[in-house]
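Following: one structure in structure tokens, then a few remarks.
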Amino acid sequence: MTLSKGKALDEVQLAAARKAMVPNVLRDKTRRGGLAHSCSLKMISNVEAVHFIALAGYDAVLLDLEHGSFSLDTANQLSCAALLAGITPIVRVPANTSDWISRALDGGAQAVIVPHVQNAQEAENVVRYARFAPLGERSATGGMPIMRYANLPPRYANIACNENITVICMVESVKAVECVESIAAVPGVDVILVGHGDLTQDMGIPGEYDDPRVGEAFARVCAAAKKASVNGRKVHVGMGGLHTRPDLQEKLVKKHPEARFAMSGADSGFLLAGIMGGGKISQGVSAGVLA
1 MTLSKGKALD EVQLAAARKA MVPNVLRDKT RRGGLAHSCS LKMISNVEAV
51 HFIALAGYDA VLLDLEHGSF SLDTANQLSC AALLAGITPI VRVPANTSDW
101 ISRALDGGAQ AVIVPHVQNA QEAENVVRYA RFAPLGERSA TGGMPIMRYA
151 NLPPRYANIA CNENITVICM VESVKAVECV ESIAAVPGVD VILVGHGDLT
201 QDMGIPGEYD DPRVGEAFAR VCAAAKKASV NGRKVHVGMG GLHTRPDLQE
251 KLVKKHPEAR FAMSGADSGF LLAGIMGGGK ISQGVSAGVL A
């Protein structure tokens, strides 16, 4: 093994540390070549919503601290609920800083999304804050939710935690796409998530997801992920901002085998659709009564 320095590893202790980890459904499914789907929460803070998402068949719940008003404490509680529900808790942090990234992971997240990564240096910062040594500089801590609170020797806990989490960098600008090859090449980055909303806005074509330039940008990201997938390492590509376009998601997945993660819905959209549908039914009933 090359993940630890010093004396030889005790394989029994390492196996015990790995066994203590809650399985990361997102990581395992993408590694098998499957397409993992997440549902985002940014309005509903009740832990029961997490179990609804699991029942619906999603692989992960995405707790959106960039575009929602959740506190970190709320994200931690929902992350723990997701671990119990058997789906991967993902936290999208609002900033590329240690106080957000490491604390979200300490609190139960198995994956972290960092938005607006523009270059390799910023990607290196993400890895530095998200992973323990020797891959990063994340501060050592005791038993965490993802290891079922087991008190494990730090040397083995660090290795198992580094293996268990998924580090996701978002590219959302023309500049980021131009730098994506160097971003994907950063050791410790697992997924490059294309933020189609902000990307099309930066291109001057907001919401025009079928524009050929968007497809070319996505293809460039996939090519970078493929190039970085060497020596046993695998980098995948994610699709953000396309939850209203499942047809386009399907098209991209069929064309690009690197595309293996999709943001596939949010509580805000589902709530609005449900309430609007209920309103139409109520209006119809009223019209029938008054006729």
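If you read the sequence shown in UniProt numbering, its first letter stands for residue 1, the second for the next number, and so on. A virtual CB, placed ideally from N, CA and C, is assigned to each residue, including glycine. These figures come from a predicted structure and were not determined experimentally.
- Taking the Cα positions, GLY68 is about 16 Å away from GLY240.
- Collapsing the DSSP output to three states places SER229 in coil.
- Look at ASP64 here: in three-state DSSP terms it is strand.
- Counting along the chain, the unbroken beta strand (DSSP E) around SER264 starts and ends at 259 to 266.
- ALA219 and LYS280 have their C-alpha atoms spaced approximately 41 Å apart.
- Less than 7 Å divides the Cβ of HIS236 from the Cβ of GLU258.
- The beta strand (DSSP E) runs of length 3 or more contained entirely in the stretch 111 to 158 are, from start to end of the chain, 111 to 114.
- Boundaries of the beta strand (DSSP E) around ILE90: 88 to 92.
- Counting along the chain, VAL237 sits inside the beta strand (DSSP E) bounded by residues 236 to 240.
- With respect to the C-alpha of PHE261, the residue from ASP267, HIS243 and MET276 having the closest C-alpha is HIS243.
- For CYS179, no beta strand (DSSP E) run applies, since DSSP gives it neither H nor E.
- Rounded to the nearest whole angstrom, the C-alpha separation of PHE52 and ASP73 is 21 Å.
- Going by beta carbons, VAL61 and VAL50 fall inside the 7 Å limit.
- Under the 8 Å Cβ criterion, the stretch 120 to 134 counts as touching the stretch 187 to 199, having at least three qualifying pairs.
- Between the stretch 200 to 214 and the stretch 146 to 155 there are fewer than three inter-stretch CB-CB distances shorter than 8 Å, so the stretches are not counted as touching.
- Taking a C-beta distance under 7 Å as the contact criterion, ASN119 and ASN24 do not qualify as a contact pair.
- Listed in chain order, the alpha helix (DSSP H) runs fully inside the stretch 157 to 217 are 174 to 178, 180 to 184 and 196 to 203, counting runs of at least 4 residues.
- The stretch 173 to 186 makes contact with the stretch 215 to 234, as at least three CB pairs between them are under 8 Å.
- For ALA36, the beta-bridge partners assigned by DSSP are PHE261.
- DSSP lists no beta-bridge partner residue for LEU14.
- Contact between the stretch 167 to 180 and the stretch 102 to 110 is not established, with fewer than three Cβ pairs separated by less than 8 Å.
- Closest in alpha carbon position to SER98, among ALA130, ALA15 and ASP59, is ALA130.
- Leaving aside the five residues that flank THR166 on each side, the residues in its chain whose CB is nearer than 6 Å to its CB run, in chain order, LEU26, ARG27, ALA111 and ASP190.
- About 18 Å separates the Cβ atoms of ILE101 and SER38, ruling out a contact at the 8 Å cut-off.
- ALA160 has its alpha-carbon roughly 31 Å from the corresponding atom of ALA176.
- The closest CA to that of GLN121, considering only ASN96, PRO134 and ALA140, is found on ASN96.
- Ranked by Cα distance from ARG18, the first of PHE270, LYS234 and LEU152 is LEU152.
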